[in-house]
Amino acid sequence: MRKPPGSDADIEREAANEDISPAMRLQELIAQHRALDSKIAEMYSHPAHNQILMQRLKKEKLRLKDCIQRLKDELIPDLNA
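Position one of the sequence shown corresponds to residue 301 (the working numbering), numbered consecutively onward.
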């Protein structure tokens with residue numbers, strides 16, 4: 301079964317296709333995560349916010365958080381090795 305667009309696999313594939321360092325990619329993902337956080341906070345300030353859009357934004361934010369953590373894990377060497 302194929303994952304929806306914007307899934308973790310798509311984000312990782314984009315990172316692999318781009319000619320940027322993992323550290324730069326990490327910074328981009330963090331910026332996207334912060335932008336989503338701001339957008340979600342802004343939507344909460346309006347009494348009649350779109351629940352479906354809010355749910356999608358939160359899921360995307362969680363996907364970005366997972367990708368950020370994976371990239372951080374790749375960049376930090378394993379101390380037990």
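The C-beta atom is built at its ideal place from N, Cα and C for all residues, glycine as well.
Could you tell me which of 342, 355, 326, 350 sits nearest to residue 368, measuring between CA atoms?
-> Against the sequence shown, residue 368 aligns to sequence position 68. The shortest CA-to-CA distance from residue 368 to any of 342, 355, 326, 350 is the one to 326.
Among 331, 358, 375, which residue has its Cα nearest to the Cα of residue 341?
-> For the purposes of this step, residue 341 is identified with residue 41 of the sequence shown, where counting begins at 1. Nearest option by C-alpha distance: 358.
Note down the Cα distance separating residue 348 from residue 354, rounded to an integer number of angstroms.
-> Looking up residue 348 in the sequence shown gives position 48. Looking up residue 354 in the sequence shown gives position 54. Residue 348 and residue 354 have their alpha carbons spaced roughly 11 Å apart.
When the distance is taken between beta carbons, is residue 323 closer than 8 Å to residue 364?
-> Along the sequence shown, one-based indexing puts residue 364 at 64. Along the sequence shown, one-based indexing puts residue 323 at 23. Contact: no.
Tell me whether residue 333 sits in a helix, a strand or coil according to DSSP, three-state version.
-> Position 33 of the sequence shown, counted from the start, is the residue given in the question as residue 333. Helix, per DSSP.
With burial defined as no fewer than 16 other Cβ atoms inside 10 Å of the residue's Cβ, what is the status of residue 404: buried or exposed?
-> Look at the range of the chain in this structure, 301 to 381, and you will see that residue 404 is not part of it.
Just the C-alpha distance for residue 373 and residue 351, rounded to the nearest angstrom, thanks.
-> Residue mapping note: residue 373 aligns to position 73 of the sequence shown, counting from 1. Residue mapping note: residue 351 aligns to position 51 of the sequence shown, counting from 1. Taking the CA atoms as reference points, residue 373 sits about 33 Å from residue 351.
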